[in-house]
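Asks: Here it is, the structure in full.
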Amino acid sequence: MFRVKPVAAGRLPELLRSMPKAELHMHIEGSLEPELIFALARRNDLQVPYPDVESLRRAYVFGNLQEFLDIYHAGTKVLRNEQDFYDMAWAYLRRAAADNVLHAELFFDTQTHTGHGVSADVVINGLHRACADAQTQLGISAALILCFLRHLSEAEAFEALEQAIPYRDKLVGIGLASSELGHPPEKFARVFAKARSLAFRLVAHAGEEGPPAYIWSALEALKVERIDHGVMAMQDPALIARLLQDGVPLTVCPLSNLKLRVFPSLAEHNLGCMLEAGLVATVNSDDPAYFGGYVNENFTQTFAALGLTAADAYQLAYNSFEASFIDASVKRGFQDRLAEVFETFE
Ligand code: ADE
Ligand code: ZN
9 MFRVKPVAAG RLPELLRSMP KAELHMHIEG SLEPELIFAL ARRNDLQVPY
59 PDVESLRRAY VFGNLQEFLD IYHAGTKVLR NEQDFYDMAW AYLRRAAADN
109 VLHAELFFDT QTHTGHGVSA DVVINGLHRA CADAQTQLGI SAALILCFLR
159 HLSEAEAFEA LEQAIPYRDK LVGIGLASSE LGHPPEKFAR VFAKARSLAF
209 RLVAHAGEEG PPAYIWSALE ALKVERIDHG VMAMQDPALI ARLLQDGVPL
259 TVCPLSNLKL RVFPSLAEHN LGCMLEAGLV ATVNSDDPAY FGGYVNENFT
309 QTFAALGLTA ADAYQLAYNS FEASFIDASV KRGFQDRLAE VFETFE
């Protein structure tokens, strides 16, 4: 294993910002900044139910996941045309490149948009074009993961999957998002099995607010390869053992957990315990426009609050590539670039 040189605490933020990384857990609709919401509303001749950008941003105070999802859903109503989806994804990808993200896996949910009368092809084509341009113009790779909305029915998830099949080559995976409590993963076992038969990579949100049983269910019933969030796993030693045994990655989102009151403060976040246990944890932004920062902000604030070290930084960035759905040879290349940055950092 690569030996990480100690780095003075004062220099750590710069290392965190400059290290190459992958982002594996972000909802592209959650990157819609208030300024872009207003710009798209103007372009599409729609009303935003807030007088200006500042008052909209002031409304971003949440008591739990559901309170956030209600505001997030309202924001998505300004997305009408392919160019809107392109502009949203392009804005995120530029931000990601500035944070030294070399590879990003973007969640999106067609059901939100088809529910507003926007077809799946408009959504997928707009997002995919931005991902393709990110490769040629920003030099970063980006892939799309379609998330089913778990508060809707199994039949509606099957419908979303059917609609996505013509765009199979533009998507890398299938995920599960939205209101967790009261919507355990097993409801979607059959549609995940269908997705698996179509060679989609599988992930699911589990253990964000929900109990460890939901993480077990995501693993056993849905057969996912990664758990999104998974912070509640730390309550269940048998589950920790299972995650360790299979090297199941957890895509942790510290600022999201703080803003949605999963932890009372970042200093009480369990990311450090996950790393100590040897879990394949990663750091991600979830919904950066709503939760106070993009991926580097998640790294710098969490490291400051938990007193994490350069060795932790290396491990988290290494894990982000390891847990990604990129080809093995590209993965190794990114991990080599990571080691080089740590070797040459003064
Ligand atoms: N959709 C967008 N953000 C989400 C989150 N943090 N949890 C579940 N569903 C989401
Ligand atoms: Zn999420």
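The letter at position 239 of the sequence shown is residue 247 when you use the numbering used here, and the numbering goes up by one with no holes. Even for Gly, the Cβ is constructed at its ideal location relative to N, Cα and C. Bear in mind the structure is a predicted one, so any value in this text is a computation, not a measurement.
Just verifying my parser: in three-state terms, what is the DSSP assignment at V56?
Replies: In this structure, V56 counts as coil in the three-state DSSP scheme.
Asks: Return the chain-ordered list of same chain residues with a C-beta closer than 8 Å to the C-beta of I79, the five sequence neighbours on each side being excluded.
Replies: Excluding residues within five positions, the ones whose Cβ falls inside 8 Å are A67, Y68, F70, Y298.
Asks: So, for R88: in the same chain, excluding its five sequence neighbours on each side, which residues have a beta-carbon less than 7 Å away from its beta-carbon?
Replies: N52, V126.
Asks: If you pair each beta-carbon of the segment 311-318 with each one of the segment 89-107, do three or more pairs fall below 8 Å?
Replies: Cβ pair count under 8 Å is below three, so no.
Asks: Is the CB-CB distance between T290 and S328 below 7 Å?
Replies: Result yes, Cβ atoms of T290 and S328 sit closer than 7 Å.
Asks: Sorted by chain position, which residues of the same chain lie with C-beta nearer than 6 Å to V130's C-beta, five sequence neighbours on each side aside?
Replies: E90, listed in sequence order.
Asks: Using only alpha-carbon positions, find the residue among Y326, L263, P272, E276 that is nearest to N304.
Replies: Checked all of Y326, L263, P272, E276; the closest Cα to N304 is L263.
Asks: Please check the pair V12 and E113, which I expect to be a contact at CB under 8 Å, by giving their CB distance rounded to whole angstroms.
Replies: About 25 Å separates the two Cβ atoms, so there is no contact after all.
Asks: Is there contact between the segment 150-157 and the segment 104-123, where contact requires at least three CB pairs shorter than 8 Å?
Replies: Yes: the two stretches touch, three or more of their Cβ pairs being nearer than 8 Å.
Asks: Is any heavy atom in the ligand ADE found nearer than 6 Å to the beta carbon of H35?
Replies: Yes, the beta carbon of H35 sits closer than 6 Å to at least one heavy atom of the ligand ADE.
Asks: According to DSSP, is A67 part of a helix, a strand, or is it coil?
Replies: Coil at A67, not helix or strand.
Asks: Report all residues from its chain with a CB closer than 8 Å to the CB of N108; omit the five preceding and five following residues, and keep chain order.
Replies: Only R25, S26, M27, P28, K29, N304 meet the Cβ criterion.
Asks: Could you round the C-beta distance between A331 and L32 to whole angstroms and report it? I think they count as a contact, below 8 Å.
Replies: The pair is a contact, with the Cβ atoms about 6 Å apart (cut-off 8 Å).
Asks: If you draw a straight line from the C-alpha of A275 to the C-alpha of T310, how long is it?
Replies: Going from the Cα of A275 to the Cα of T310 covers about 8 Å.
Asks: Under 6 Å Cβ to Cβ from H277, same chain only, skipping five residues before and after it: list those, please.
Replies: Closer than 6 Å at the Cβ level, and outside the excluded window around H277, lie P262, F271.
Asks: Using the Cβ count rule (16 or more neighbours within 10 Å means buried), how would you classify N292?
Replies: The residue in question, N292, is buried, as its Cβ has 16 or more Cβ neighbours within 10 Å.
Asks: According to the Cβ coordinates, are Y302 and R65 closer than 7 Å?
Replies: No, Cβ-Cβ distance for Y302 and R65 is not below 7 Å.
Asks: Who does S149 pair with in a DSSP beta bridge?
Replies: H111.
Asks: Excluding the 5 residues flanking E37 on each side, which residues of the same chain have their C-beta closer than 6 Å to its C-beta?
Replies: T84, listed in sequence order.
Asks: Report yes if the C-beta distance between V232 and P257 is below 7 Å; otherwise report no.
Replies: No.
Asks: Under 7 Å, do V56 and A49 count as touching if we go by C-beta distance?
Replies: Yes.
Asks: Residues in its own chain within less than 7 Å of F333 by CB, not counting five upstream and five downstream?
Replies: Excluding positions up to five away in sequence, the list reads E113, A151, V180, G181, R209.
Asks: So what's H124 in DSSP terms, helix, strand or just coil?
Replies: H124 falls in the coil class under three-state DSSP.
Asks: Which parts of the segment 280-343 are runs of the alpha helix (DSSP H), unbroken and 4 residues or longer, counting only runs that do not cross its ends?
Replies: Segments of the alpha helix (DSSP H) lying fully in the segment 280-343: 296-299, 303-314, 318-330.
Asks: Can you tell me whether D294 sits near the ligand ZN, meaning its C-beta is under 6 Å from at least one heavy atom of the ligand?
Replies: Checking every heavy atom of the ligand ZN against the Cβ of D294, one is found closer than 6 Å.
Asks: Quick check: what's the CA-CA separation for H213 versus L251?
Replies: Cα-Cα distance, rounded: 15 Å.
Asks: Should L110 and I148 be called a contact, given that it needs their Cβ atoms to be closer than 7 Å?
Replies: Yes. Within cutoff.
Asks: Is any non-hydrogen atom of the ligand ADE found closer than 6 Å to the C-beta of S186, if you look at the structure I gave you?
Replies: Under cutoff, so the answer is yes.
Asks: Please confirm whether P28 has its beta-carbon closer than 7 Å to some beta-carbon of chain D.
Replies: No chain D is part of this structure, which consists of one protein chain only.
Asks: Would A168 and P193 be called neighbours here (beta carbons separated by less than 7 Å)?
Replies: No, the Cβ-Cβ distance between A168 and P193 is not below 7 Å.
Asks: Classify L157 as helix, strand or coil using the three-state DSSP reduction.
Replies: In this structure, L157 counts as strand in the three-state DSSP scheme.
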